[in-house]
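Counting in my numbering, the sequence shown runs from 109 upward without gaps.
From the three backbone atoms N, C-alpha and C, an ideal C-beta is built for every residue, glycine too.
All values derive from a computational prediction rather than experimental measurement.
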Amino acid sequence: MALAEESGRSRRGAAHGGRAVGQLGASPFGAQRSGGSVISPRLDSLGSDGAAVRLGIMGGTFDPIHIGHLAVAEQAREAMQLDAVVFVPTGEPVFKKDRDVTPAEHRLEMCRLAVESNPAFDVSDIEIRRKGNTYTVETLRQMRAHYPENVELWFITGADAVASIVKWRESAAIAGLATLIAVTRPGFALTEQVKDDIASAGPFDVRYLEATALSVSSSDLRSRVANGLSIRYLTMARVRDYIYEHGLYGAASARGKAACCDAEASELNRY
Ligand code: DND
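The following block contains the structure:
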């Protein structure tokens with residue numbers, strides 16, 4: 109992996125200790141509200157000790173989450189020295205109205221299962237708790253309002269998502285809320301034209317990152333499950349087990365065929 113390019117306005121330099129989220133101490137700042145956490149129980153107090161913190165935000169429909177999402181987040185964390193990455197599954201994704209999206213509670217739970225072994229990763233249900241269409245600008249505003257200034261927000265996207273950002277709600281406002289990390293994704297070229305379009309849509313600070321290519325997609329996983337094909341190695345074993353346990357993506361009818369291939373991996377509960 110190599111950092112291909114860095115562009116845009118400069119950001120405040122900060123020393124980052126590379127602390128994992130589990131090591132970030134609790135404090136009065138961001139104390140949980142009586143009704144529960146604001147971002148997530150582990151992340152609410154981020155930055156409360158005044159130290160500079162870089163929080164990566166991985167937004168997605170995650171229907172289902174797979175190794176492509178996880179690898180992108182991990183490589184962005186490493187390359188940009190993010191202290192933590194929070195996965196934020198969408199409530200009602202605006203660009204997916206053409207198909208039935210799996211209920212949010214399933215997508216949320218699969219995200220939780222997928223990230224639980226990484227101490228630098230966590231999941232927030234902030235977009236699911238917010239009713240109506242999900243807009244990233246609102247999520248970033250909520251996070252900005254919650255965290256002190258020493259917490260920098262870094263929004264991680266694949267190349268396809270960043271190319272469409274100019275069409276997102278209040279895209280210019282997003283530029284003022286977060287640094288964007290645009291990670292290359294197989295099949296989606298980040299052409300100079302795309303970069304120019306983004307630059308003309310607002311004063312975005314975009315860091316282009318060449319990550320290890322993983323040509324895996326949620327739609328392929330859904331299709332494989334529906335057709336009784338194995339998704340072993342394409343997502344975490346716990347996520348795969350969850351899909352079969354809950355009969356997602358037509359898994360109930362396909363279970364017998366795929367289960368014979370997956371039984372061993374389920375026992376190991378790894379890949
Ligand atoms: P997707 O539906 O593309 O997520 O949504 C990505 C984010 O864009 C979410 O946070 C949405 O709320 C936000 N959005 C979309 C449209 C409009 C607005 C906001 C608005 O505010 O108006 P997926 O689950 O499909 O993918 C999640 C991320 O992972 C994406 O950035 C995608 O590009 C990336 N990805 C990969 N990157 C590298 N290699 C792979 C990948 N598969 C997915 N194999």
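Alpha carbon to alpha carbon, how far is residue j from residue i? Give it in angstroms, no decimals.
i	j	result
L288	E235	19 Å
S135	S145	Any reading at S135 is ruled out, since the residue's pLDDT is 33, under 50, leaving its predicted position unreliable.
A334	Y357	6 Å
G133	N226	Low confidence applies here, because G133 scores a pLDDT of 40, under 50, leaving its location unreliable and the question unanswered by this model.
A360	D171	17 Å
A159	L261	14 Å
S118	T244	Legend: pLDDT at S118 = 34, less than 50; position of this residue unreliable, no value from coordinates given.
D206	A280	26 Å
F312	L248	14 Å
T320	R332	23 Å
Q189	V314	15 Å
M344	E300	35 Å
Between residue i and the rest of its own chain, which residues show a CB-CB distance below 7 Å, the 5 nearest in sequence each way excluded?
i	result
G199	A212, E235, I236, R238 and T242
V324	H174, I175, G176 and L342
V55	Since the first residue of the chain shown is 109 and the last is 379, residue 55 is not available in this structure.
V302	A271
Might you give, ordered along the chain, the residues of its own chain that have their beta carbon closer than 8 Å to the beta carbon of residue i, omitting 5 neighbours on each side?
i	result
E217	Y350
V49	Absent from the model: residue 49. The displayed extent of the chain is 109 to 379, so no value can be given.
T169	P197, T198, P201, K204, V209, R215 and S326
Let me check understanding here. Comparing Cα to Cα, which of the options lies closest to residue i?
i	options	result
M166	P201, S225, V223 and F263	F263
V291	G284, Y341, E318 and T299	E318
R220	H354, E353, A359 and R346	R346
L322	P294, S331, T299 and Q301	P294
K275	Y255, V314 and G310	G310
A297	L329, G266 and L178	G266
R330	T299, Q189, Y352 and V302	Y352
A253	R277, A286, M344 and Q189	A286
Within the present structure, is the beta-carbon of residue i separated from the nearest heavy atom of the ligand DND by less than 8 Å?
i	result
T343	no
A212	no
P201	yes
I198	According to the sequence displayed, residue 198 carries Thr and not Ile. T198: yes, Cβ under 8 Å from the ligand DND.
A359	no
M188	no
E235	yes
L322	yes
T299	no
W276	yes
T287	no
Y316	no
Apart from the five residues just before and just after residue i, which ones in its own chain have a Cβ nearer than 6 Å to its Cβ?
i	result
G155	V161, Y255, P256, N258 and V259
A179	L322
Exercise for the section: Give a yes or no on contact between the region 270-280 and the region 302-322, applying the rule of three or more CB pairs nearer than 8 Å. Expected result: yes
Practice task
For the region 181-188 and the region 339-346, state whether three or more C-beta atom pairs, one from each stretch, are separated by less than 8 Å.
Solution key: no
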